[in-house]
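Add 49 to the 1-based position in the sequence shown for my numbering, that's all there is to it. Cβ coordinates follow ideal geometry from the N, Cα and C atoms, glycine included. None of these values were measured; they are calculated from a predicted model.
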Amino acid sequence: MIGGIAETQEMLDFCAEHGIGAEVGVIAADRVDEAYERVLAPDVRYRFVIDTATLR
50 MIGGIAETQE MLDFCAEHGI GAEVGVIAAD RVDEAYERVL APDVRYRFVI DTATLR
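Next comes the structure, spelled out in structure tokens:
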């Protein structure tokens, strides 16, 4: 219902052609709890991405 590999690739190609990208906030692994609290409160308009270099 949401599309297969071909449809996903078409969407990614469209985004690349038009300069469309995701807005993300990169966080350290030790800030996951804080990020989750911000997600619960409608305080975030982008996705959080964990910087794996900060994993212990």
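Are the beta-carbon atoms of G103 and A77 separated by less than 8 angstroms? In the sequence on display, residue 103 carries Thr and not Gly. Result yes, Cβ atoms of T103 and A77 sit closer than 8 angstroms.
Quick one: any contact between the region 54-67 and the region 81-97, if contact means 3 or more CB pairs under 8 angstroms? no
To test your reading of the DSSP string, which unbroken alpha helix (DSSP H) runs of 4 or more residues are found completely within the region 69-95? 81-89
First and last residue of the uninterrupted alpha helix (DSSP H) at T57: 54-66
Based on the DSSP secondary-structure assignment, which residues constitute the bridge partners of I99? I76
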